[in-house]
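Residues in the sequence shown are numbered consecutively from 7, following the numbering used here. Report on the following structure.
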Amino acid sequence: MPAFITQPFDPDLQPPSLVPDYKSTVLRAPPRPLVVAKASLSELSGPVFGERHVGPLDHDLTRNSVCNGEPLGERIVVHGKVTDDHGHPIPQTLIEIWQANAAGRYVHKIDQHNAPLDPNFLGAGRVLTDAEGNYKFYTIKPGAYPWGNHPNAWRPNHIHFSLFGPNITTRLVTQMYFPGDPLLQYDPIFLGVPPNGRERLISQFDLSITEPNFALGYRFDFVLRGHYATPFETI
Ligand SMILES: [Fe+2]
C-alpha cells in the first residue's frame, strides 16, 4: 500500500478543514464527515510519474523561464528529503512548487496585486526525488503579498509544495515558510496548523547547502506519516 494513502489524520498535527479565521475555509470545509472511498485497483496500479515527465531545467526556477535576463531577487537553494515515519527514503516522488516572485506577485490572472511581474520568472518548478529521497530546487526567495482575508492581511514568504505518491490519488499539498518571518504570527493559514505542527512547516537556514557566491540554502524535509509527519492541507 502506498505510504501516502495510509497516512492517518492526526488532529494534533494536521490542520482542520475549517479554520474560521481563514475565511475561505468557512465556505469550502465539508459540513459533514468525509466518506472514505476505497482505492480501486486502477488507482493503485495506474501510471506513475517518472524521469520522462521532468525536464532538465524544471528544478531551477532561476533558469526555467528566462526571457531576456536573470530573475530579480535573492537566489536560494531549497533542499530536503522525503521519508516515511521510519526514516526510510521515498524515491521517485514528484515534487512540484509554485510561488510568488521577489515582489510578491504570482504569474496568474487572478493575482492583481500592484507589484511588478518579472519577465524572467514564472514561479513554478518540479523535480523527482532521487534514490535516497532527496530533492533540490533553485529559486528566488518569494516576497510577501497582501490578500483579502481581513484588513491589512499579508501572507508570509512561502513556497507551495505538492507531492505526488505512486499514483494520481496520492497527492499532498503544503506550504514552506522561512525562519524568523514576522508575518507568521499574524497568518491564519499558518496559525490554522496546530502548534505541534507549525515548526515543521518552517524551513531551516543551512550553511552546508548554501552555495558560495551564488545562493543561500534552506532545508525543508517531508515526513509522510507518524508522530513527526509534515502537516498537509486537508482541502
Ligand atoms: Fe501563496
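All C-beta atoms, glycine included, are put in the ideal place defined by N, C-alpha and C.
- With fewer than three CB-CB distances shorter than 8 Å, the region 200-211 does not count as touching the region 146-162.
- Taking the Cβ atoms as the reference, residue 134 lies roughly 7 Å from residue 57, within the contact range of under 8 Å.
- Remark: the C-beta of residue 144 is outside contact range of ligand 1, defined as less than 8 Å to any heavy atom.
- The secondary-structure analysis by DSSP pairs residue 84 across a beta bridge with 143, 224.
- Taken through DSSP and simplified to helix, strand or coil, residue 195 comes out as helix.
- Between the region 90-102 and the region 37-52, the count of C-beta pairs closer than 8 Å stays below three; the two stretches do not touch.
- Distance from the CA of residue 193 to the CA of residue 26, rounded to the nearest whole angstrom, comes to 12 Å.
- A Cβ-Cβ contact shorter than 9 Å links residue 203 with residue 236.
- Remark: C-beta atoms of residue 18 and residue 200 approach each other more closely than 9 Å.
- Residue environment analysis places residue 218 among the exposed positions, since fewer than 16 neighbouring C-beta atoms fall within 10 angstroms of its C-beta.
- Beta-bridge analysis with DSSP links residue 184 to no other residue.
- In this structure, the C-beta of residue 105 approaches ligand 1 to less than 8 Å from one of its heavy atoms.
- At least one heavy atom of ligand 1 falls within 8 Å of the beta-carbon of residue 164.
- For residue 168, the three-state secondary structure derived from DSSP is strand.
- Annotated three-state conformation of residue 50 is helix, per DSSP.
- Residue 203 carries a helical assignment under DSSP once its states are collapsed to helix, strand and coil.
- Close CB contacts of residue 89 within its chain, under the 8 Å cut and outside five residues either way in sequence, are with 95, 96, 139, 227, 228, 229, 230 (chain order).
- Only residues of its own chain outside the window of five on either side were considered, and among them 164, 166 have a CB closer than 6 Å to the CB of residue 181, listed in chain order.
- For residue 33, no beta strand (DSSP E) run applies; the uninterrupted alpha helix (DSSP H) run containing it begins and ends at 30-34, by DSSP.
- Setting aside the 5 residues that flank it on each side, residue 136 is surrounded in the same chain by 97, each with a C-beta closer than 8 Å to its C-beta; the list follows chain order.
- Here residue 15 is exposed. Its C-beta has fewer than 16 other C-beta atoms within 10 Å.
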